[in-house]
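> Residue numbers (the numbering used here): 19 to 175. Beta carbons are placed, not taken as given, at the ideal position from N, Cα and C, and that holds for glycine. These figures come from a predicted structure and were not determined experimentally.
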């Protein structure tokens, strides 16, 4: 495989990385248009960054999505890896490592010293652990599903 290059994706170029994530994480189901619009806005605002790994052949081999958050107790920004995906045929060839290396560089450039990721599978945990990620002692992740109300906000009179 040719050398892998990782670069940020501009807000106007999200179609290809979004298609890859839809194919793999959503079984081909496209995200709603409103979500695509919000993603583009978040990328434009600098709250989300999408990095794509490519070779000279130009096709995207993998994507990492970083979200930047304020942490009031630390008085600083931190980042989370929202999604990281590498095409099956490109796995175990350094693409995931290249994506994480680029994510680390982006965080360092923004003076972010804390990067987190939530994993569900043991294989994924092993991948991150091999790159220096450690479980957070005493942290438990809780979640709650909320109903989505499909209403447009009313204009105030």
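At what residues does the alpha helix (DSSP H) containing residue 114 begin and finish?
113-127
> According to the neighbour-count rule (16 or more other Cβ atoms, all chains shown, within 10 Å of its Cβ), is residue 38 buried or exposed?
buried
> Checking the sheet assignment: what are the DSSP bridge partners for residue 166?
DSSP, once it has assigned bridges, lists no residue as partnering residue 166.
> Is the beta carbon of residue 22 less than 8 Å from the beta carbon of residue 150?
no
> Is it buried or exposed, residue 159, if we count other Cβ atoms within 10 angstroms and call 16 or more buried?
exposed
> From residue 46 to residue 40, what distance separates their C-alpha atoms?
5 Å
> So, for residue 65: in the same chain, excluding its five sequence neighbours on each side, which residues have a beta-carbon less than 6 Å away from its beta-carbon?
86
> Tell me which residues share the same chain as residue 52 and place their Cβ nearer than 7 Å to its Cβ, disregarding the 5 neighbours each side in the sequence.
For residue 52, there are no CB contacts under 7 Å within the same chain when 5 residues up- and downstream are skipped.
> Just the Cα atoms here: how many angstroms apart are residue 48 and residue 33?
11 Å
> Report the option in 101, 61, 126 whose CA atom is closest to the CA atom of residue 138.
Closest by alpha carbon: 101.
> Which of the three DSSP states is assigned to residue 148 in this structure?
helix
> Please report the Cβ distance between residue 67 and residue 43, rounded to the nearest whole angstrom; I am assuming they are in contact, meaning their Cβ atoms lie under 8 Å.
Rounded, the Cβ-Cβ distance is 18 Å, inconsistent with contact.
> So the candidates are 94, 81, 143, 99; which of them puts its Cα closest to the Cα of residue 106?
81
> Of the residues 134, 69, 141, 54, which one's Cα is nearest the Cα of residue 28?
Closest option to residue 28, Cα to Cα, is 69.
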